[in-house]
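Here the protein sequences line up with chains A and V, keeping their order. For the first sequence, the working numbering gives the first residue as 7, with consecutive numbering after it. For the second sequence, the working numbering gives the first residue as 22, with consecutive numbering after it. A virtual CB, placed ideally from N, CA and C, is assigned to each residue, including glycine.
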Amino acid sequence: MNLFNINILLVDDEPELLSMVKELLSREGFYNIDIASNCRDATARISKGSWQLVLLDVMLPDGNGFELYEKMMNMGLVTDVPVIFLSARDEDVARLKGLGLGADDYITKPFLPEELLLRIKAVLRRAYRLSAEDQNLVLGDTAISFASGEVIRGGSTQMLTAKEHAILLKLSENRGRIVTIDSLCSALWPDGSFGLESSLIVHIRHLREKIEEDPSNPRYLVTVRGLGYKLVK
Amino acid sequence: MKRKGRNIAHFVLLLVLTAGILVACNGAIFLYMMGQWKNVMPVSEAQLMNSIYENKGKYFITDEGRVVLEQADLFAMIIDNDGNIIWSERLPENLKHEYTLQDVARFTRYYLDDYPVRTYVTEKGLLVIGGARDSVWKYTLEYDMGQIRAMLFQQLPILFLMNALVLFLIPLFIQRNWALKKEAERTEWIAGVSHDIRTPLTLIIGNADSISRQPEDKENAERARLISKQGLKICSLIANLNTSSKLDYGMGCYEKKRLSVAASLREVVADIINRNSDEQYEFDFKIEEGLGDVTVKANEELFSRMIENLIGNSIRHNPEGCIIHIFLGKIEKKKKHVICISDDGVGAENKLFRKLNRKHHASAEKLGEHGIGLRVVKQIVSYHSWGIHFEQNGNSGFKTQIFL
Chain A
7 MNLFNINILL VDDEPELLSM VKELLSREGF YNIDIASNCR DATARISKGS
57 WQLVLLDVML PDGNGFELYE KMMNMGLVTD VPVIFLSARD EDVARLKGLG
107 LGADDYITKP FLPEELLLRI KAVLRRAYRL SAEDQNLVLG DTAISFASGE
157 VIRGGSTQML TAKEHAILLK LSENRGRIVT IDSLCSALWP DGSFGLESSL
207 IVHIRHLREK IEEDPSNPRY LVTVRGLGYK LVK
Chain V
22 MKRKGRNIAH FVLLLVLTAG ILVACNGAIF LYMMGQWKNV MPVSEAQLMN
72 SIYENKGKYF ITDEGRVVLE QADLFAMIID NDGNIIWSER LPENLKHEYT
122 LQDVARFTRY YLDDYPVRTY VTEKGLLVIG GARDSVWKYT LEYDMGQIRA
172 MLFQQLPILF LMNALVLFLI PLFIQRNWAL KKEAERTEWI AGVSHDIRTP
222 LTLIIGNADS ISRQPEDKEN AERARLISKQ GLKICSLIAN LNTSSKLDYG
272 MGCYEKKRLS VAASLREVVA DIINRNSDEQ YEFDFKIEEG LGDVTVKANE
322 ELFSRMIENL IGNSIRHNPE GCIIHIFLGK IEKKKKHVIC ISDDGVGAEN
372 KLFRKLNRKH HASAEKLGEH GIGLRVVKQI VSYHSWGIHF EQNGNSGFKT
422 QIFL
């Protein structure tokens, strides 16, 4: 499944916001985007079409997004469709309600465009088990294929271990951003990562030996002291 | 402070006014009722005795005296020392008999066969003046002097104090309810404004961000970046305003749970660095050896806001750039953990540090530019019963320590 091929429905009563988000998504490469500006319109579109992602505003002129989502869920229309609430309500209560209903994320306005895209992609990856696996990662003269777990450099090929694969995947999904030690650990050890920081350091060292030209002086996989790691863009 | 002073003045005025109205009302009602009460005995002893005269060993009443008794609906008699009636006027039939010593003792103070009577000792004998049945209520009071003294000097002051307390509490209660209602309205209003401002801000930030990514027009891209940055500043201001008013009036629902201090710090700081593209800021993050697993009971949202505000403060006041240190350490003596956030920037005047270190929250206007962000930090600290200290970081720079 191609990430950019999916049908996205945006529901918001603010036309400028709709066109802004639509433009943002188009620029990113998504091209099947439809919009609805109220509950009635949204209901009609959802029941007719097939969607892979719904972005839903909470305050709509003819009802609220929570109720609309519940109704759609009860009708079985969005059971497998990831839904992200986009709301101006930032209280914990509203956020917890949205997530409690089963939504995949709750993003409060105002949001940074980059943040919105990152979170949408994260939701899509989770929902459709997509990953950057489809893509190859190129770091200088090193090429990494996530699908096969191979690291190719200067004619020689090395295999990534499962943990190294997971680390590199997590970092490349957040390329250019710091990924904290804690979130790397919980990606590696989902059942509890307490006290496994030293293991993480060992895995990182092995990974660097495979992808960096000079592992003791890394260019791509850099340490942000005390905080975590970053895959430099 | 000004507001507090005004509230106290307001309250005292209300108290005095309530007390005044209460006293005036009571006095007026009392006086009016007293004025309305008629004299039970409109005929005096002297007046009656003057109208009684003796003629050949018998007593008579003048015509005027008779009229007076009739008008007042009273009867009268004189009993001699042997208990015989030697004169009477309008005396009911059933009372016309001889009176024993016991009879006299019985009616002296109360009633004579249910007729309310008064007795006077005159030179002619015992004068008894009485009224109609059920026309007067009589009661004799008898109290122990010790008890009266106790009442005057012990119970009365307590009674007085209780009255004063009631007088004090009623206006306090009214004032409190009134203030609470106003505060609730204010918090709701701020929440409403902050809600309504979010969508326009999203548009401003989003559009500015998309212009800033157009490489062909560098000048406009830079301007757009500035707009986006200012938009984000407004966001944080609004969020602070909202948090501050919710914390002030206990309106927020901030649930506390166990947080890993190191992990929470890492998350907030990484988030700030990820969002902040300016390279003139350097971050130095350190967790003291062995403190990686320290936990604290706190609200996650408020904890993040506190750290964000402190780092934001360093960034805002050092546009030329600075090194920001974030440190989690331990104070052995106090057995407490300390989060220290400091920079090597321009710092602040000592006067500001003194103001910041005062126990009560200084109002935003008095903190000048450091305003609401640091105020919210202090509110969050007090919400969690932590400690806080602001100081100059060495020769220059701003340093904040939070004692968990």
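The DSSP-derived three-state label of T83 (chain V) is coil. For the stretch 80-107 of chain A, residues whose beta-carbon sits nearer than 9 Å to a beta-carbon of chain V comprise L92, S93, A94, R95, D96, E97, D98 and V99. E310 (chain V) and T186 (chain A) do not touch by the CB rule: their CB atoms are close to 19 Å apart, not below 8 Å. Identification of residues in the stretch 117-151 of chain A having a C-beta nearer than 7 Å to some C-beta of chain V yields F117, L118 and P119, given in sequence order. When only Cα atoms are considered, T39 (chain V) and G48 (chain V) end up about 14 Å apart. For K115 (chain A), the chain V residues whose Cβ falls inside 8 Å of its Cβ are R219, T220, L222 and T223, in order along the chain. With a 10 Å radius around the Cβ and a threshold of 16 neighbouring Cβ atoms, F324 (chain V) comes out buried.
Taking a beta-carbon distance threshold of 7 Å, R211 (chain A) does not count as an interface residue toward chain V.
Against chain V, a Cβ distance below 7 Å from T229 (chain A) picks out nothing, because the smallest value is about 11 Å. Here the C-alpha atom of F81 (chain V) lies approximately 19 Å from the C-alpha atom of T140 (chain V). By a beta-carbon distance limit of 8 Å, K376 (chain V) does not contact N320 (chain V). Their separation comes to about 26 Å. Its chain contains S281 and A283 as the residues whose beta carbon lies nearer than 8 Å to that of D314 (chain V), once the 5 sequence neighbours on both sides are disregarded; these appear in chain order. From the listed residues A:R181, A:R183, A:K176 and A:G182, the smallest Cα separation to C191 (chain A) is found for A:K176. Of all C-beta pairs linking the stretch 290-300 of chain V to the stretch 225-242 of chain V, fewer than three are shorter than 8 Å, placing the two stretches out of contact. The beta-carbon of H338 (chain V) is placed no less than 7 Å from the nearest beta-carbon of chain A. Counting other Cβ atoms within 10 Å of its Cβ, C46 (chain V) stays below 16 and is therefore classed as exposed. Using a Cβ-Cβ cut-off of 9 Å, T49 (chain A) is close to nothing in chain V; its nearest Cβ partner there is about 22 Å away. The stretch 116-193 of chain V is shown to contain whole beta strand (DSSP E) runs of 3 or more residues at 136-143 and 146-152, in chain order.
In this structure, the CA atom of L349 (chain V) is about 39 Å from the CA atom of V64 (chain A). With the rule of 3 Cβ pairs closer than 8 Å, the stretch 79-88 of chain A counts as touching the stretch 53-67 of chain A.
Between E34 (chain A) and L122 (chain A), the alpha-carbon positions lie close to 11 Å from each other. Contact with chain V is found for D188 (chain A), since one of that chain's Cβ atoms lies less than 7 Å from the residue's Cβ.
Using a C-beta cut-off of 8 Å, the stretch 187-194 of chain V makes no contact with the stretch 247-256 of chain V, since fewer than three inter-stretch Cβ pairs fall below that distance. Counted as a single uninterrupted DSSP element, the alpha helix (DSSP H) harbouring F72 (chain A) occupies residues G71 to N80.
Fully enclosed alpha helix (DSSP H) runs of no fewer than 4 residues occupy 168-179 and 187-194 of the stretch 161-203 of chain A, in order along the chain. Under the Cβ distance rule, E288 (chain V) counts among the residues neighbouring chain A, one pair being separated by less than 7 Å. Contact between N228 (chain V) and M26 (chain A) holds, since their C-beta atoms are separated by about 6 Å, short of 8 Å. Rounded to whole angstroms, the separation of the alpha carbons of L147 (chain V) and K79 (chain V) is 15 Å.
Close to E34 (chain A), with beta-carbon spacing below 8 Å, lies no residue of chain V; the smallest spacing is near 11 Å. The C-alpha of W210 (chain V) lies about 11 Å from the C-alpha of K267 (chain V).
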